[in-house]
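Structure first, commentary second.
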Amino acid sequence: MLGVLLSHWRRKPGQLATLLIGLAVATALWSGVQALNDQARASYDRAARAFQGATVPSLVAAAGGDLDQALFAALRRAGVPVSPAVEGRVRIAGHPYRLIGIEPVSLPRAAGLTVLAGGEATGEGFTDFVLPPGRTLAAPETLARLGLPAGARPLTASGHSLPPLAVSAEIAPGLLALDIGFAQAALGRPGRVSRLLLDPGWTGTLPADAVGLRRVDPAPGGEMARLTESFHLNLTAFGLLAFLVGLFIVHSAVGLAVEQRLGMFRTLRACGVPAAGLTRALMAELLVLAAAAGLAGVAAGWLIARALLPDVAASLHGLYGAEVAGVLSLGPGWWLAGLGISLAGALAAAAAALVRVHRLPVLESAAPRAWEAASRTRIARQGLAAAAMLAASGVLAATAPGLGTAFAAMACLLVGAALGLPAVLGRVLIAAEATARRPVLHWFWADTRQHLPALSLALMALLLALGVNIGVGTMVGSFREAFTGWLDGRLAAEAYLRPASEAQRARLEAWLAARPEVTAVLPSRAEETRLAGWPVELQGFTDHATYRDHWPMLSLAPGGWDRVAAGAGALISEQLARRAGLAPGDAIALPTPTGDWRLGVAGIYPDYGNPKGQVRVALAAMEARWPGAAFNSLGVRAAPGAVPGLLAALEADLGLDPADMIDQAALKRESRAIFERTFTVTAALNTLTLGVAAVALLTALMTLSAQRLPQLAPLWALGLTRRRLALIEIARMLALALMTALLAIPLGIAVAWLLVAVVNVAAFGWRLPLHLFPADWALLVGLALACALLAALAPVLRLARTPPAQLLRIFADER
Amino acid sequence: MNAERRRLIRALGALALIPAAARAQGFAGLGATAGGFAPVLPATRLAFPADHGPHPAFRIEWWYVTAVLTDAAGADAGVQWTLFRIALAPPGGGGTGWQTPQLWMGHAGLTTATTHRHHQLYARGGVGQAGVGLAPFRAFIDDWHLAETAPGRGSGFGPLAMAASGPDFGYALTLASDRGVALHGIDGYSVKSERGQASHYYSQPFFDVAGSISLDGAARAVTGQAWMDREWSSQPLDPDQTGWDWFSLHLARGAKLMVYRLRQSGGAPYVTGTWITPGGHPEPLAPGSVSVEPLDWAEVAGRRLPLVWRIALPGRGLEIETTPLNPQSWMATDFAYWEGPIRATGTHPGRGYLELTGY
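Following this line, the structure appears as structure tokens:
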């Protein structure tokens with residue numbers, strides 16, 4: 001019996017290809033996105049397990065800055081189990097790397113580095129690590145990024161040659177681990193340590209003379225997974241959308257295959273095949289096809305993931321500082337899951353058709369379009385459901401904040417819009433029909449309406465793809481505009497310098513003050529504290545017109561800048577304001593080494609891309625409250641043309657590391673590059689989804705064209721030429737596509753609004769001003785029409801070439 | 001302690017670090033001085049107090065104290081305090097500060113009839129976390145120390161304060177002796193096997209001890225006698241030298257006996273030692289003049305160890321049998337060994353320490 005069933009596909013290879021392609025594409029997009037998510041999560045897990053140097057409690061200088069190394073021996077000899085670590089950043093071949101110096105003998109076991117025990121790093125034992133020339137331990141990814149083999153000695157921007165590289169999978173990517181002595185030399189901080197790591201099992205108390213030390217507990221694990229959750233949720237939502245669009249294709253292909261084989265099924269049933277047996281056989285057929293398509297889809301998904309991974313990794317790095325391994329490694333679980341979702345999706349898409357076959361009355365005459373006739377009531381019901389879904393979407397978006405409800409609102413909006421499409425199009429067609437004067441036109445509209453049920457799934461797919469495309473495009477465009485303006489205000493100084501020490505800072509300031517081309521020097525300090533249980537960067541800045549004139553603000557209390565300058569007010573980031581529910585005029589209490597610092601919120605500013613909260617206060621007030629706060633950067637105002645010369649002179653005169661100075665243009669360039677890469681993945685998925693929709697449209701039209709002949713034959717008999725009929729068919733498709741595309745515009749704006757006003761706020765804590773880009777819409781509408789034209793072309797060409805004899809036979813053969 | 005540390009120390013490569021191996025270092029062949037370390041030469045004459053301090057040109061060295069103690073209730077106890085120095089590279093390798101090629105390891109043990117506790121520490125040299133200094137003598141690692149509280153005279157140490165602790169035990173003792181040190185072998189050049197292997201080796205076996213020991217926070221006062229060994233060498237252990245049974249005994253009437261048995265696969269053990277008269281005069285025991293035989297074995301830490309011994313020194317009319325205070329005196333350190341107090345009965349009763357390695 002399976003042979004009989006499969007013979008259908010032999011006769012209709014195009015239909016088979018459609019089904020397989022639809023399912024494969026859906027599976028590919030879904031499993032590709034899952035692969036990206038899995039890869040990123042695996043990287044976070046590994047990073048959480050990998051040696052970061054930060055996973056144990058530590059003692060730091062309460063006043064900030066480095067500690068004297070002698071404190072290490074003094075504390076050890078007082079019985080405190082500390083281990084010294086020195087940390088910093090180095091720049092190698094233009095890229096920054098985190099460098100940590102550790103002392104493997106005293107390193108607490110809980111810090112998680114076993115590599116020096118000679119296990120993983122073959123031949124790179126303890127002795128090699130601690131004795132000259134030492135070793136630079138790094139993850140395989142880091143070596144790949146450095147483009148250096150094991151044994152090579154990386155050269156830092158300051159001209160220091162690091163110890164030979166040794167590979168260790170135990171070290172977090174992006175981190176270089178050296179013995180403390182070599183690290184102190186590489187960072188130019190001999191005899192200094194950043195912090196003293198404490199054995200977490202130690203329960204003693206610090207000796208009374210250990211003043212000026214502060215205990216810092218490590219951030220709870222899984223931070224990265226939490227921070228990046230929203231990013232992955234976005235990806236997953238995209239994958240799901242693409243998968244659903246793909247299932248539209250499967251649904252229409254399976255529905256058609258069942259429709260065309262009704263005669264065959266009836267014959268089989270009449271020959272004594274039970275309904276259950278027939279259904280089982282059809283299901284088996286479907287599963288075989290789905291398995292084949294699923295395998296191809298998962299393989300394609302792997303290719304998609306591999307192609308997108310570098311951009312995803314770059315986005316996650318730019319947005320969250322998360323290190324994601326750049327080489328795809330997926331387990332059998334992922335392949336099986338991909339195959340599973342393909343089978344499940346195929347069954348779900350074919351469920352209606354299977355039920356129909358199961359209930360098939362043996363004696364029912366073949367009526368291939370009976371389901372279309374019955375669909376009018378269905379369309380009406382769908383219209384009602386659509387209205388309910390859209391209402392639910394509105395309620396969800398308006399009332400519930402969280403990310404989960406934001407996506408639920410998005411889902412309601414999309415499903416509601418898709419369900420409502422046939423009803424809306426039907427109304428439009430009825431209205432058009434009413435205005436039609438000429439009979440052919442009248443028939444054109446009526447016949448188009450007659451087509452609607454068969455095409456509605458494909459049109460829904462097109463609507464969703466276009467709507468999401470417009471929505472995401474609008475969001476990205478709005479973000480780009482906001483981000484560009486924000487960068488301009490934020491990076492108002494012409495150059496930024498990062499002194500390595502207080503002494504160097506003083507030298508820098510004195511040197512800059514003597515330069516005539518420098519109009520202002522804007523020092524700043526930064527420390528980390530917590531507010532409302534959230535990590536918050538506290539930044540001290542100098543009151544200057546640069547900030548008053550340029551710093552982007554969302555809201556500002558009257559006299560806000562003056563209050564900040566006087567040390568009584570603070571500017572807080574949008575994320576912090578939303579999270580802590582703060583508004584201008586509210587009071588905050590910031591924990592500082594000298595006790596809680598009570599400040600009024602003077603204003604709120606956007607701080608895009610920062611996973612932490614931020615508070616900006618007057619520098620002098622911060623220095624008083626937080627003695628020894630770490631120096632952050634030195635903004636330099638100067639004529640833009642003078643900046644390159646100034647930076648060159650700084651390097652020549654003061655030996656400032658080029659890694660520690662950057663001009664405004666370069667900084668903006670870097671920021672924009674990060675921004676663009678962040679949305680590369682979104683754009684790619686967007687385009688792929690649109691492609692799937694085009695395939696869906698093509699499939700629907702191809703399957704439909706065979707059924708068109710009986711309807712067109714009478715018109716031909718009435719005197720319309722085949723050429724004219726073909727043009728009418730094309731016009732019909734274009735009309736439907738155009739209407740769908742036009743409807744996609746308001747849908748897209750609604751999607752964009754949900755993204756910027758609800759999803760982004762829930763996911764990242766910032767809201768963007770919505771900008772509209774009509775030129776992009778025009779492009780998309782054009783694209784949709786081109787798609788429809790392409791999809792209509794093949795069936796229409798076939799129609800135009802149909803011999804008149806066949807058209808005549810229609811009347812004789814029509815069942 | 002833990003697998004990481006164990007692997008860390010294994011990564012030291014050819015260096016044999018366990019006390020067994022450490023002691024066996026001294027047995028290394030004279031001509032086999034490896035990789036540029038200083039050789040042990042018979043012509044070398046020890047000088048004090050300089051030789052109380054470290055000899056970084058040699059591969060391995062230790063300051064090793066055992067004490068047999070008695071509390072006010074008459075209960076026996078024993079403590080061990082050891083500081084090992086291991087050179088990671090011969091002179092000229094490495095540098096200063098963090099690149100100082102010296103690794104230090106401390107072992108401490110406290111044994112009573114029913115309890116045995118021990119702890120282990122590691123530290124790198126060059127940054128003040130561990131080391132040995134002179135004038136005054138001070139050996140330390142983290143908060144453990146063995147340090148002169150007043151200057152010594154001649155080759156002898158001044159009074160010493162000795163302290164160490166682990167999570168569940170600790171001790172703080174003072175050691176005092178007015179004697180000079182006793183040099184083993186020929187003027188401290190101690191030939192250890194028929195192959196001519198040697199170390200520089202001297203002892204101070206005449207310390208009187210007082211202080212307190214504590215177990216699980218409960219301290220008690222103790223008095224007793226202590227024995228310090230100082231030894232350094234450069235050569236690695238031969239593969240067929242499997243282990244070592246070592247005795248230090250405070251005998252009645254004031255004499256001291258150090259005797260050891262080096263076991264080798266496919267050959268008779270090499271047995272020798274030093275008789276130290278009550279006046280402090282060391283008399284080397286020629287191989288064959290002393291016999292050391294196990295009498296009884298016991299199961300300790302999954303191993304079968306000889307814990308009851310007969311020692312015979314016919315030339316001195318000595319025939320004694322030793323039994324352990326606590327058979328479970330197992331030092332489960334990275335390189336595990338048995339080390340605990342023993343009591344001797346027979347012609348020369350007394351107390352002392354036994355060390356069994358390589359089992």
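Protein chains in written order, with the numbering used here: chain A, 1 to 815; chain B, 1 to 359. The beta-carbon is built from N, C-alpha and C at its ideal position, and this holds for glycine as well. It should be emphasised that the depicted structure is a prediction, and the values quoted were computed from it without experimental measurement.
* To do: Locate the beta strand (DSSP E) running through B/E148, then write down its first and last residues.
  => W144 to E148
* With a Cβ-Cβ cutoff of 9 Å, do B/A123 and B/H145 count as a contact? -> no
* To do: Could you tell me which uninterrupted alpha helix (DSSP H) segments, each at least 4 residues in length, are contained entirely in the region 1–39 of chain A, listed from first to last along the chain?
  => 2–11
* What runs of the alpha helix (DSSP H), each 4 residues or longer, lie entirely inside the region 390–443 of chain A? -> 403–435
* So which of A/G595, A/A514 and A/D607 has the shortest CA-CA distance to A/Q539? -> A/D607
* Exposure label - A/T484; buried when at least 16 CB within 10 Å -> exposed
* Any C-beta of chain B under 9 Å from that of A/L20 -> no
* To do: Could you name the residues of the same chain whose beta carbon sits closer than 7 Å to that of A/A186, not counting the 5 residues immediately before and after it, in chain order?
  => V90, L99, T156, H160, L162 and L178
* Please state if the CB of B/L175 and the CB of B/V68 are separated by a distance shorter than 9 Å. => no
* In angstroms, rounded to a whole number, what distance separates the CA positions of A/G277 and A/M283? -> 10 Å
* To do: Look at the alpha carbon of B/A150 and the alpha carbon of B/G352, and state the distance between them as a whole number of angstroms.
  => 27 Å
* Could you check the C-alpha separation between B/A130 and A/Q34 for me, to the nearest Å? => 53 Å
* Going straight from the alpha carbon of A/T377 to that of A/S456, what length do you get? -> 14 Å
* Is the beta carbon of A/P108 less than 9 Å from the beta carbon of A/R215? -> no
* Asked: Mapping DSSP to helix, strand and coil, what is A/N760?
  -> helix
* Evaluate B/G315 with the Cβ neighbour count: other Cβ atoms within 10 Å of its Cβ, from every protein chain shown; 16 or more gives buried, anything less gives exposed. => exposed
* Asked: Which residue or residues does DSSP assign as beta-bridge partners of A/K612?
  -> DSSP output for A/K612 lists no bridge partner at all.
* List, in order along the chain, the chain A residues whose C-beta lies closer than 7 Å to that of B/Q241? -> Within chain A, no residue comes near B/Q241; the closest Cβ sits about 24 Å away, beyond 7 Å.
* Asked: From what residue to what residue does the alpha helix (DSSP H) around A/M739 run?
  -> R722 to W753
* A/H95 by DSSP, collapsed to three states: which one? -> strand
* **Local conformation of B/W297 per DSSP, three classes** => strand
* Asked: Name the DSSP beta bridge partners of A/P591, please?
  -> A/D596
* How about A/V324 and A/L303: are their beta carbons less than 9 Å apart? -> no
* Can you tell me which of B/A87, B/G109, B/G133 and B/A164 puts its alpha carbon nearest to the alpha carbon of A/F126? => B/A87
* Cutoff 7 Å; reference A/L16; Cβ partners in own chain excluding five residues on either side -> W9
* Asked: Going by the beta-carbon positions, is the gap between A/I171 and A/L137 smaller than 9 Å?
  -> yes
* Give, in chain order, every residue of the region 86–99 of chain B whose Cβ lies closer than 8 Å to some Cβ of chain A. => L88, A89, G93, G94, G95, G97, W98 and Q99
* Asked: Which of the three DSSP states, helix, strand or coil, is assigned to A/D818?
  -> The structure shown does not extend to residue 818 of chain A, since chain A is modelled only from 1 to 815, so the question has no answer here.
* To do: Give the secondary structure of A/P535 by DSSP, where H, G and I count as helix, E and B as strand, and everything else as coil.
  => strand
* Specify the secondary structure class of A/A642 as computed by DSSP and reduced to three states. => helix
* To do: Check A/Y547 in the structure and name its three-state DSSP category.
  => helix
* Asked: Any idea what DSSP makes of A/N469, helix, strand or coil?
  -> helix
* Helix, strand or coil: how does DSSP classify A/P133 here? -> coil
* contact_flag[the region 540–553 of chain A, the region 581–595 of chain A] where n(CB pairs < 8 Å) is 3 or more -> no
* Asked: Quick one, which residues of the region 92–103 of chain A are near chain B if we go by CB-CB under 8 Å, in chain order?
  -> E103
* Quick one: is A/F483 near chain B, going by C-beta distance under 9 Å? -> no
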